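Enquirer:
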Amino acid sequence: MKAPAEVVWKLLVDAENWSSYFPAEDQVKILTGKPELALQTRYSRVTVGFPMSLVVTECEPFRRLAWATTVDGDETGSSAYHGWVITPTVDGCHVLTEETQQGPWFLEELGRKHPGALYRYHQEWVESLARAAEAEVASRAS
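Here's what the structure looks like:
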């Protein structure tokens with residue numbers, strides 16, 4: 049991304065406003081702590097139609113953000129872990145995001161019923177994040 053890590057970070061930790069650049073994330077609510085994601089922040093969101101509960105498990109400003117996820121109402125014990133890694137570059141930063149899922153719910157709902165959907169969802173999120181961060185840099189320059 050042609051934006052510094054600080055700009056990208058600010059967009060990532062402002063979870064209740066993710067929908068300003070990625071409309072699919074329009075149902076995020078921080079449940080504990082300050083209005084930005086931080087270590088141990090608990091929050092909820094609805095992703096691809098499913099309500100989820102999350103807790104931030106890693107938070108290294110401008111470098112790494114990660115959270116653990118459970119699906120509300122899922123009795124199978126399925127879980128997911130989502131991480132973001134931000135690496136500064138000469139002209140901005142590189143952003144990598146990845147998610148792992150464990151358990152029958154994720155296998156059925158995302159693996160069998162919608163193969164490839166989560167990959168496409170995350171790719172669109174990263175691309176939207178890049179556009180928002182680069183627009184923020186452009187607006188500061190003018």
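Residue 49 is where the sequence shown starts when you use this note's numbering, and the numbers rise one by one after that.
By construction, the Cβ of each residue, glycine as well, lies at the ideal position given by its N, Cα and C atoms.
Keep in mind the model is a prediction, meaning the values are calculated, not measured.
Are there 16 or more other CB atoms within 10 angstroms of the CB of Tyr-91, so buried, or fewer, so exposed?
Expert: Tyr-91 should be labelled buried.
Enquirer: Apply the 10 Å Cβ neighbour rule to Ala-165 and answer buried if 16 or more other Cβ atoms are within range, or exposed otherwise.
Expert: Exposed, by the Cβ-count rule.
Enquirer: When you compare only the Cα positions, how much space is there between Asn-65 and Gly-121?
Expert: Going from the Cα of Asn-65 to the Cα of Gly-121 covers about 25 Å.
Enquirer: Between Lys-58 and Gln-75, what straight-line distance do the alpha-carbon atoms span, to the nearest angstrom?
Expert: Roughly 19 Å between the two C-alpha positions.
Enquirer: On the three-pair Cβ rule with 8 Å, is the segment 140 to 151 touching the segment 172 to 189?
Expert: Verdict: yes, contact present.
Enquirer: Taking the beta carbon of Pro-99 as the centre, do at least 16 other beta carbons fall within 10 Å, making it buried, or is it exposed?
Expert: Exposed is the call here.
Enquirer: For Met-100, list the residues DSSP reports as bridge partners.
Expert: The partner list for Met-100 (beta bridge, DSSP) reads Arg-93, Val-119.
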